[in-house]
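According to the numbering used here, the sequence shown is numbered sequentially starting from 199.
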Amino acid sequence: MNFDIAVLPGDGIGPEVMAEATRVLQSVGEKFGHKFHFHNGVVGGISIDKLGTALSKETLSICKDCDAVLLAAVGGPKWDDPQAKIHPEDGLLALRKGLGLFANLRPVKVLPILVNSTPLKPNIISGVDLVVVRELTGGLYFGQPKKQWQDPDGRKAVDTLIYSEAEVERIVRVGLELARNRRKKLVSVDKANVLQSSRLWRQITTEISADYPDVALQHMLVDTCAMRLIQNPADFDVIVTENMFGDILTDEASVLAGSMGMLPSASLAGIPKGKTFGMYEPVHGSAPDIAGQNIANPIATILSVAMMLRYSFNLETEACTIEDATLSVLKEDYRTQDIWSEGTTKVGTKEMGELITRRIKS
């Protein structure tokens, strides 16, 4: 089978982890008889420097013409001036909007061999296996008006939090479908005691859940959810929430797995059934402070490739092969710097990629 993939390495450690992810993907192609054709584009800071925009029409066109998009990371201090008219993250938001990617899936699974790699007690994180479903193209990040101004009282700013019924329904259905195929528990996170948008969210979620009588629905305020993710994370199965809450909660949840370098994600244009167009990227950022040092963890990007094979190409066996190979390498006590501990073998970005590729081939 032939697949076209848009490859966007981005900034910082992006090119390093992307190199290992595409190497792993090529080894999967050789093993199972697939051909993966890579179409390179630029986005984020590197695009600002080269083209004066965080996302060019050419790169967006490349992505639209492909079967899926593989993204590494964008951003860095070089482009962090708050007064700048363009920021690397503008490219990321434009990609999501331009490709219709409304559902962000972030799985958090604590591997038994890494229970000592987190700041939390092993008995707290043991057995954690959850997925956060984040709405990706609405809410505060996209609502209008969005501006800064100054009047006689001083400087002011406004961001608008707006959701439509259609936006809420489609993301809630993604959460319910995922929960139906897992442990049949869905927690819908909002701030309905304060926000009108959250009250609408809760109303619609309750209505839609009637179509899924086999899934147990629980409503939870975002502050309560943040607390319980630390107190009793293993109790969660699937969490569905709006854009900003999901952004914050998933970064918090990354601590459970030991490192953001372990967590993949998928941004989908529909309910994950069969072949769904999506963009796949690690949860971590561009980490420019360690760029070029061969110490970044490529596992999150490699596992994002597995998600791509599963959700966009419907290649479950191939996805499991990557996941099994990664677990095998970790069981042999190979670790990148972020998850290294006494008694394990520290390896670099390239070495970790080589180890996983070798397991796939064997």
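Ideal placement from N, C-alpha and C gives every residue a C-beta, glycine not left out. This structure is a prediction, so every number in the text was calculated from the model and none was measured.
Using CA atoms only, rank isn't needed, just tell me which of the options is closest to residue i.
i	options	result
Gly-289	Val-313, Leu-253, Pro-310, Lys-276	Leu-253
Gly-296	Val-313, Lys-319, Leu-334, Ser-315	Leu-334
Gly-444	Glu-405, Lys-389, Ile-488, Ser-484	Lys-389
Met-216	Glu-540, Lys-548, Ile-311, Ser-396	Lys-548
Arg-381	Met-199, Ala-432, Arg-508	Ala-432
Thr-555	Lys-544, Ser-526, Ala-424, Asp-536	Ser-526
Gly-341	Val-240, Ala-271, Leu-398, Val-356	Val-356
Pro-213	Cys-264, Phe-201, Ser-245, Ala-271	Ala-271
Gln-224	Ser-539, Ser-510, Ile-500	Ile-500
Ala-485	Leu-513, Met-418, Gly-273	Gly-273
Ser-539	Arg-508, Ser-245, Ala-424, Val-313	Val-313
For residue i, which residues in the same chain have their Cβ closer than 6 Å to its Cβ, ignoring the five residues on either side in sequence?
i	result
Leu-157	Here the chain covers residues 199 to 560 and nothing more, so residue 157 does not appear.
Tyr-339	Asn-441
Ala-467	Gly-298, Leu-299, Phe-475
Ala-523	Ile-554, Arg-557, Ile-558
Pro-470	Tyr-509
I'd like the span of the beta strand (DSSP E) that includes residue i, first residue to last.
i	result
Ala-464	462-466
Glu-479	476-480
His-232	His-232 -> no beta strand (DSSP E), and no H or E assigned at all.
Once the 5 residues before and after residue i are set aside, which same chain residues still bring their CB inside 8 Å of it?
i	result
Asp-449	Met-458, Val-481
Leu-383	Note that residue 383 corresponds to Lys in the displayed sequence, not to Leu. Hits under 8 Å: Ala-377, Val-413, Ala-414, Gln-416, Phe-434, Asp-435, Val-436.
Ser-502	Ala-219, Leu-268, Pro-462, Ser-463, Ala-464, Tyr-478, Glu-479, Pro-480
Pro-343	Val-356, Thr-358
Met-550	Glu-218, Asn-495, Pro-496, Ile-497, Val-527, Tyr-532, Thr-534
Asn-142	No statement about residue 142 is possible, as the shown extent of the chain runs from 199 to 560 and does not include it.
Ile-520	Val-222, Val-226, Ile-500, Leu-501, Val-503, Ala-504, Leu-507, Ile-554, Ile-558
Ala-424	Ile-446, Leu-447, Glu-450
Which residue marks the beginning of the alpha helix (DSSP H) containing residue i, and which one marks its end?
i	result
Gly-418	For the sequence presented, residue 418 should be read as Met rather than Gly. No alpha helix (DSSP H) contains Met-418, which is instead part of the beta strand (DSSP E) from 414-419.
Ile-211	Unbroken run through Ile-211: none, as it is neither H nor E.
Thr-257	255-262
Ile-500	497-509
Lys-548	547-559
Lys-529	514-529
Check the C-beta distance from residue i over to residue j and give it rounded, since I have them as a contact under 8 Å.
i	j	result
Val-330	Arg-304	5 Å
Pro-286	Gly-250	Actually they do not touch by this definition, with Cβ atoms about 13 Å apart.
Ile-537	Asn-492	16 Å between Cβ atoms; not a contact.
Leaving out the 5 sequence neighbours to the left and right, which residues in its chain are closer than 7 Å to residue i when beta-carbon positions are compared?
i	result
Arg-294	Leu-334, Thr-335, Ser-465
Ile-369	Phe-300, Ala-301, Val-331, Glu-333, Val-438
Tyr-410	Leu-374, Arg-378
Following a CB-centred definition, is residue i positioned closer than 8 Å to any heavy atom of the ligand GTP?
i	result
Ala-485	Inclusion of the ligand GTP in the displayed structure is not the case, the ligand content being empty and no account of it being possible.
At least one CB of chain B closer than 9 Å to the CB of residue i: is that the case?
i	result
Asp-412	The displayed structure is made up of one protein chain only, and chain B is not part of it.
Scan the stretch 322-403 and note each continuous alpha helix (DSSP H) run of 4 residues or more that stays entirely inside, going in chain order.
363-378
Alpha helix (DSSP H) runs wholly inside the stretch 249-314, at least 4 long, in chain order
255-262, 286-296
Uninterrupted beta strand (DSSP E) stretches inside the stretch 420-459 (no shorter than 3 residues):
436-439
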